[in-house]
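Visitor:
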Ligand code: BMP
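Numbering (the numbering used here), first residue to last: 43 to 495.
(1) Do residue 383 and ligand 1 come close, with the Cβ less than 7 angstroms from some heavy atom?
(2) Using CA atoms only, rank isn't needed, just tell me which of 494, 78, 145 and 406 is closest to residue 174.
(3) Going by C-alpha to C-alpha distance, which of 485, 333, 231 and 203 sits closest to residue 305?
(4) Suppose the cutoff is 8 angstroms on Cβ atoms and the five residues either side in sequence are ignored; what does the same chain contact list for residue 259 look like?
(5) What does the alpha-carbon distance come out to for the pair residue 357 and residue 58?
(6) How about residue 468: is its Cβ closer than 7 angstroms to a heavy atom in ligand 1?
(7) Tell me the DSSP secondary structure of residue 306 in three-state form.
(8) Does residue 310 pass the burial test, meaning 16 or more other C-beta atoms within 10 Å, or should it be called exposed?
(9) Please say whether residue 88 and residue 120 have beta carbons closer to each other than 8 angstroms?
(10) Report yes if the C-beta distance between residue 193 and residue 211 is below 8 angstroms; otherwise report no.
(11) Just tell me which of 435, 51, 446 and 468 has its CA closest to the CA of residue 223.
(12) Can you give me the C-alpha to C-alpha distance between residue 441 and residue 435, rounded to a whole angstrom?
(13) Below 8 angstroms on the Cβ atoms is my contact criterion, and I expect residue 252 with residue 272 to pass it. Report the Cβ-Cβ distance as a whole number of Å.
(14) Thinking C-beta only, is residue 188 closer than 8 angstroms to residue 78?
(15) Can you tell me where the alpha helix (DSSP H) holding residue 215 begins and where it ends?
(16) Could you say which of 422, 329 and 308 lies nearest to residue 362 if we only look at CA atoms?
(17) Here's a check: name, in chain order, each residue in its chain whose Cβ is nearer than 8 angstroms to the Cβ of residue 472, leaving out the five neighbours to either side.
(18) If we ignore side chains and look at the alpha-carbon of each, how far apart do residue 220 and residue 227 end up?
(19) I'd like to know if residue 422 contacts chain B, where contact means its C-beta is closer than 8 angstroms to some C-beta of that chain.
(20) Relative to the C-alpha of residue 185, which candidate in 151, 117 and 179 has its C-alpha closest?
(21) Can you tell me where the alpha helix (DSSP H) with residue 352 in it begins and where it stops?
(22) Quick check for students: name the residue ranges of the alpha helix (DSSP H) that lie wholly in the segment 253-278, counting only runs of 4 or more.
(23) Measure from the alpha carbon of residue 127 to the alpha carbon of each residue in 160, 302, 93 and 213, then state which is nearest.
(24) Does DSSP classify residue 73 as helix, strand or coil?
(25) Quick check on residue 100: buried or exposed, where buried means 16 or more other Cβ atoms within 10 Å of its Cβ?
(26) Name the residue from 289, 336 and 370 whose alpha carbon lies nearest to the alpha carbon of residue 36.
(27) Check residue 281 in the structure and name its three-state DSSP category.
(28) Identify whether residue 180 lies in helix, strand or coil by the three-state DSSP scheme.
(29) Can you check whether the CB of residue 467 is closer than 8 angstroms to the CB of residue 489?
(30) Ignore the nearest five residues each way along the sequence and tell me which others in residue 324's own chain have a CB closer than 7 angstroms to its CB.
(31) Can you check the segment 361-440 for any alpha helix (DSSP H) of at least 4 residues that lies completely inside it and give the ranges in chain order?
(32) Taking the alpha carbon of residue 474 as the reference point, which residue from 379, 296, 331 and 491 has its own alpha carbon closest?
(33) How far does the beta strand (DSSP E) with residue 326 in it reach, from first residue to last?
(34) Just curious, the alpha helix (DSSP H) that residue 231 is in, first and last residue?
(35) By a C-beta neighbour count over all protein chains shown, 10 Å radius and 16 as the cutoff for buried, is residue 37 buried or exposed?
(36) By the three-class DSSP mapping on this structure, what secondary structure does residue 207 have?
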């Protein structure tokens, strides 16, 4: 049988609680935000929710059931269907014409109504609702609430003589999420502070400098990348998604002075030839002091990745300083990437990507613990021991019509604390790619500097 904890985790997956910094209606800043409306969009969960709540109640005491509009309306309806308790509907505003009634449905004076609420905070909205029901001659003795934010509402209503039943409270929910590794101690501390009435301090973590990372990261490829960044005052990686060796070399020559790395998809080069394509590219990289990053996105078992990395016509291990790899094959699938820095694909920039929070969290754990991994490709902030590489950067447009989603350099430095921006079409499709590379280099560096303050 499913436990209450398992049921909560199912609900949580619908995105009903978010942690971070939220400004509430009252203007107060809260470390969490609750919105239970998504529960009504999953009929299976809504039905289970109704039964969990019904099990907690002395049902014989009630003649009617009523939800506080709007979020609790579907919950009360589901409870009515499961228990055969007749439903009445409380309006938010009285009808402008006709009966001007506040309560709709069939009821008689003197009946006892169970009130259903989604979230209880201070209790004031319930205290406003109850008299409107009582004015119709209906009694209210019990209130059932899905989630108690533990901000005094339950106690206030109990002090007025109501019985308040709660399915979950925030402390219990935090304990479950902590156990599941979905909340860390710092967040729990902030929530506890908030619940005990203290103003919560949200220190906006400052972006760590390249100097700091250079000192603290150990992998030689990470260090090299940071050294180049500081030397060139650039955090730009140009993505050379061109189709011929000639275009590749020209692009590398033009952008070379402004970039820290050139990212390639060698498998799209139509005339690829190891000696013709790779050897001159290595020289260009040395001349302009940038690293070579093969965006191979490995996604297989260790043995296959080992073969793909060193054999076949691309012989990636011979020349790539950096490679990208999914971590979907698990920790040990990454063991064979020697002599390069692995950048793990943690979150993708494309619309509808399956890299949801749960995937990203698990993938990030692997990235943090694997010595071959120096950072991640992601669209969210990463732990400080990982370098963050952000593609989906373009200053001209917000998408490409094929699912790519773009942000500006300013956005990704300010909000994601990215370390390196990856720009493809913004540069190689520009009229003057060299000039465009310089513009992205300047924009990226200015955004980095601004993010430090
Ligand atoms: P563009 O700036 O032209 O959209 O190119 C982005 C580059 O980054 C492409 O080479 C793409 O394969 C890569 N990329 C991405 O866009 N999003 C991701 O999540 C991961 C990527 O590697």
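Heads up, the beta-carbon is just placed ideally off N, CA and C, and yes, glycines get one too.
Guide: Based on what the coordinates show:
(1) It does not: the Cβ of residue 383 is nowhere closer than 7 angstroms to a heavy atom of ligand 1.
(2) 145
(3) 333
(4) 265, 268, 416, 427 and 429
(5) Rounded to whole angstroms, residue 357 to residue 58 spans 47 angstroms at the Cα level.
(6) yes
(7) strand
(8) exposed
(9) yes
(10) no
(11) Between residue 223 and the set 435, 51, 446 and 468, the nearest pair of CA atoms involves 51.
(12) Roughly 10 angstroms between the two C-alpha positions.
(13) 5 angstroms
(14) yes
(15) 212-221
(16) 308
(17) The residues are 478.
(18) 8 angstroms
(19) Looking for chain B here will not work: only one protein chain is present.
(20) 117
(21) 344-352
(22) 262-274
(23) 93
(24) In the three-state scheme derived from DSSP, where H, G and I count as helix and E and B as strand, residue 73 is classed as strand.
(25) exposed
(26) Outside the displayed range of the chain (43 to 495) lies residue 36, so it cannot be described from this structure.
(27) strand
(28) Here residue 180 sits in coil by DSSP.
(29) no
(30) 361
(31) 399-411
(32) 296
(33) Run containing residue 326: none in the beta strand (DSSP E); it sits in the alpha helix (DSSP H), 321-330.
(34) 227-237
(35) The chain is shown from 43 up to 495; residue 37 falls before or after that span and cannot be answered.
(36) strand
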